[in-house]
Amino acid sequence: MATEQFNAVGRRKTSVARVYLRPGNGTWDVNGRTLEAHLPRHVLRQSATRPLVATQTEGQYDVKVTVVGGGVRGQADAIRLGVARALLKVNEDFRRTLRAEGLLTRDPREVERKKPGRPGARKRFQFSKR
Numbered sequence: 001m002a003t004e005q006f007n008a009v010g011r012r013k014t015s016v017a018r019v020y021l022r023p024g025n026g027t028w029d030v031n032g033r034t035l036e037a038h039l040p041r042h043v044l045r046q047s048a049t050r051p052l053v054a055t056q057t058e059g060q061y062d063v064k065v066t067v068v069g070g071g072v073r074g075q076a077d078a079i080r081l082g083v084a085r086a087l088l089k090v091n092e093d094f095r096r097t098l099r100a101e102g103l104l105t106r107d108p109r110e111v112e113r114k115k116p117g118r119p120g121a122r123k124r125f126q127f128s129k130r
């Protein structure tokens with residue numbers, strides 16, 4: 001009999017993380033690599049594992065992640081949101097804890113588009129009075 005699997009999607013900027021949680025011993029597989037190999041900075045690993053720490057379920061689930069797009073920070077935050085959403089499917093009682101930690105809120109900030117006639121989104125070309 002196959003073990004139950006909980007799926008969720010997390011997004012941040014242009015990063016999309018598909019997260020699969022299975023009962024296990026706490027192994028991480030991010031795009032075929034370990035979490036340490038994919039997110040070398042300790043702060044980013046901490047961010048990605050925060051939902052498990054907050055719900056005290058570290059080491060109880062094997063986490064498989066497929067993440068595409070963006071940079072390492074966006075990917076780490078996308079993984080964090082995906083793990084939090086997957087934990088909700090495991091146990092709805094985690095909602096209060098995850099909400100209090102701010103782990104269920106999708107960060108809406110995106111890159112503002114470049115406007116025509118300007119060098120960037122907000123920047124103006126240098127003004128010459130004469």
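Just so it is clear: in the sequence shown, position 76 is 76 by full-length UniProt numbering, and no numbers are missing. Backbone N, C-alpha and C define an ideal beta-carbon position, used for all residues, glycine too.
Close CB contacts of G74 within its chain, under the 8 Å cut and outside five residues either way in sequence, are with R12, K13, T14, S15 (chain order). Distance between A17 and R113, taken at the CA atoms: about 23 Å.
Membership of T49 in the alpha helix (DSSP H) is indicated by the continuous run 42 to 54. The C-alpha of L35 lies about 6 Å from the C-alpha of D29. CA-to-CA, the gap between L21 and V63 works out to about 5 Å. A8 is positioned such that its CB atom lies closer than 9 Å to that of A84.
Shown here, L98 sits in a helix according to DSSP, grouped into three states.
Nearest Cα to N31 within the set V90, Q60, L39: L39.
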